[in-house]
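Below you'll find the structure, written out as structure tokens, and then a few comments.
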Amino acid sequence: MARGRIAGGMGVQPRPEKTRPMRRARLAWPRNPVQIRGGPAAVTGDEAGNATVWDHPGGKGRGRLIREPEDEPIGPYGMVYGNDRPWPDAPGVFLCPYGPWEVDMEMQAAVLRGPGDLEVTRRPRPACPPGGLLVAVRACSLCATDAKMFARGHRDLVLPRILGHEVAGVVAEAGAGVTDWRPGEAVQVAPGLPCGGCRWCLRGAPNMCERMRIIGFHEDGGLAQYLAVPAQGLSQGAVNRLPAGLGFAVAALAEPLACCLNALEQVRLEPGETVAVFGAGPQGRLVAQAARLRGASRLILVEVAPARLDRARLAQAADTGADVMVDASWEDPVAAIRRETQGRGADVVLPATGAVEALTWGLAALAQRGRLCLYSGLPPEGEAWPVNLNRLHYREATLVGAYGCTSRQNALALELLGRGRIDGEALISHRLPLARAREGLELVRDRAGMKVVVEMPG
Ligand SMILES: [Zn+2]
Ligand SMILES: [Zn+2]
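Laid out in structure tokens, this is it:
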């Protein structure tokens with residue numbers, strides 16, 4: 205820790221016995237711009253004793269300014285000044301009229317502590333990891349996995365945790381030794397932090413890494429103003445520059461799209477095959493678009509929730525390009541799929557819903573040598589799913605799993621969004637500020653919208 209910096213966050217500190225004589229010199233602050241890690245910034249203060257940093261490459265932030273010359277360490281109880289009069293006791297706000305300055309910013313973050321226990325609160329801004337990046341988050345989209353974590357936890361979730369793994373933002377700081385990334389660059393961050401050295405990493409399946417760590421699962425995620433990307437993430441290709449013209453909210457969808465691309469690879473979709481997608485929510489619509497792009501000749505979208513079906517019908521023309529919509533609330537989807545495929549069934553089935561009946565229908569609707577991919581929104585662990593193994597046997601059908609995505613798939617997904625080959629914009633139903641992150645998770649949990657994106661102003 206740099207000399208003169210204040211450790212331990214923003215708690216109320218007792219005043220020391222002896223304070224330094226107050227420096228009444230007319231305050232040179234805001235003497236703008238000031239030099240702050242990452243570049244110049246403008247600084248202002250308010251009556252309540254808060255310092256606000258503006259026009260910094262890392263965005264806006266609140267915090268305290270700390271003077272750091274060796275000859276005059278300001279210490280944890282340094283003089284607090286504001287507009288040439290002493291500031292009120294303002295724990296955590298330490299200003300000194302002379303530079304050089306360093307700012308130790310706090311940030312807002314959505315922290316999950318337990319099932320249903322999510323709070324948007326202030327947290328210390330993470331330090332920029334050596335060899336990694338500090339990213340000022342601009343958009344973090346939410347998915348069913350976040351909602352699942354919020355409701356009941358997840359195999360890979362370590363609490364307490366700042367959630368969020370579908371992230372785009374701006375580089376605020378490049379860590380020591382990083383030369384090819386600059387503050388101010390717009391980036392998308394893939395959440396996987398594979399080790400790069402285990403047998404799975406070496407055979408091109410880093411999402412199966414034996415020492416995998418995931419942003420928003422094991423490490424703090426993007427539902428915050430700042431996100432630390434460790435060196436491991438940078439070296440394994442987790443960070444991608446945004447294609448020109450691509451907005452942050454749509455760029456954040458690269459990760460869920462990449463998971464769809466992974467599913468299509470695992471299920472070995474061949475051009476000309478028939479695909480049935482169960483669930484016309486955001487994940488179903490994304491995977492349907494991706495399947496079409498990958499050469500599916502006939503696309504059947506099945507939905508059972510009437511409200512969602514209405515949206516899905518609109519989506520049919522707008523983005524998925526589905527040939528057939530099946531309303532499973534009144535029509536037997538297995539019969540419908542057989543009818544649409546001259547009795548053969550679907551070559552590939554992609555359930556994008558946690559409903560057990562969708563899995564059962566999907567399996568029944570498989571063609572000979574058909575494949576069903578379990579990749580998203582599965583029923584809760586332990587919930588039984590009766591599988592007719594004879595169907596697999598006689599039809600030489602395959603059940604295949606897929607989990608997460610690789611950095612290669614993530615980069616491809618970002619490119620597809622950037623080139624408009626996948627319409628991300630049409631999937632976004634809600635844009636909320638970070639303070640409403642909880643509401644966003646509830647919307648996803650209740651399937652009340654399509655893609656929900658939490659946005660941080662620049
Ligand atoms: Zn997700
Ligand atoms: Zn590995």
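Under my numbering, the final residue of the sequence shown carries the number 662; numbering is consecutive throughout.
Ideal Cβ placement from N, Cα and C applies to all residues, glycine included.
TODO: Give the straight-line distance between the Cα atoms of Gly420 and Pro330, rounded to the nearest whole angstrom.
DONE: 14 Å
- [ ] Just mark Gln487 as buried or exposed, buried being the case when its beta carbon has 16 or more other beta carbons within 10 Å.
- [x] buried
Open item on the list: Going by beta-carbon coordinates alone, are Leu457 and Leu631 separated by less than 9 Å?
Closed with: yes
Task: Distance cut-off 8 Å: Arg415 Cβ against heavy atoms of ligand 2 - done: Inclusion of Arg415 in the 8 Å shell around ligand 2 follows from its C-beta lying nearer than that to a non-hydrogen atom of the ligand.
TODO: Please work out which residues of its chain come closer than 6 Å, Cβ to Cβ, to Gly425, disregarding the five sequence neighbours upstream and downstream, and give them in chain order.
DONE: Ile366, Leu367, Gly368, His369, Ile419
Open item on the list: Between Thr349 and ligand 1, is there a pair consisting of the residue's CB and a ligand heavy atom that are separated by less than 8 Å?
Closed with: yes
Open item on the list: For Leu316 and Cys609, I'd like the C-alpha separation in whole angstroms.
Closed with: 24 Å
Open item on the list: Taking only three categories from DSSP, how would you classify Leu645?
Closed with: helix
Task: Buried versus exposed call for Tyr598 [16 or more other C-beta atoms within 10 Å across all chains shown] - done: Answer is exposed; the Cβ neighbour count stays below 16.
- [ ] Could you tell me whether any non-hydrogen atom of ligand 2 is closer than 8 Å to the CB of Cys332?
- [x] Distance from the C-beta of Cys332 to the nearest heavy atom of ligand 2 is not below 8 Å.
TODO: State the DSSP-derived secondary structure class of Tyr579, mapped to helix, strand or coil.
DONE: coil
TODO: Please name the residue, chosen from Met416, Pro395, Arg612, Ala455, that lies closest to Leu623 on a Cα-to-Cα basis.
DONE: Correcting the residue identity first, residue 623 is Arg in this sequence and not Leu. Checked all of Met416, Pro395, Arg612, Ala455; the closest Cα to Arg623 is Ala455.
Task: Continuous alpha helix (DSSP H) stretch holding His634: start and end - done: Segment 632 to 637 is the beta strand (DSSP E) holding His634; no alpha helix (DSSP H) there.
Open item on the list: Does Ser533 come out as helix, strand or coil in the three-state DSSP assignment?
Closed with: coil
Task: Those residues which DSSP pairs with Met311 across a bridge - done: Residue pairing by DSSP places Met311 opposite Arg327 in a beta bridge.
Open item on the list: Just to confirm, is the Cβ distance from Val324 to Ala453 under 9 Å?
Closed with: Not a contact, by the Cβ cut-off of 9 Å.
Task: Cβ-Cβ distance between Pro387 and Ala442 below 9 Å - done: no
TODO: For the beta strand (DSSP E) containing Leu503, list its first residue and its last residue.
DONE: 502 to 507
- [ ] Would you kindly work out how many angstroms separate the C-alpha atoms of Ala526 and Arg502, rounded to a whole number?
- [x] 8 Å
Task: Residues of its chain near Cys405, where Cβ-Cβ distance is below 7 Å and the 5 sequence neighbours each way are ignored - done: Pro398, Cys399, Cys413
Open item on the list: Quick test of your reading: Ala432 and Gly336, contact by CB under 8 Å. State the CB separation rounded to the nearest angstrom.
Closed with: 7 Å
Task: Buried versus exposed call for Gln613 [16 or more other C-beta atoms within 10 Å across all chains shown] - done: buried
Task: Nearest residue (CA-CA) to Thr383, options Ser439, Val341, His358 - done: Ser439
TODO: Let me know the secondary structure DSSP gives Cys463 once reduced to three states.
DONE: In this structure, Cys463 counts as helix in the three-state DSSP scheme.
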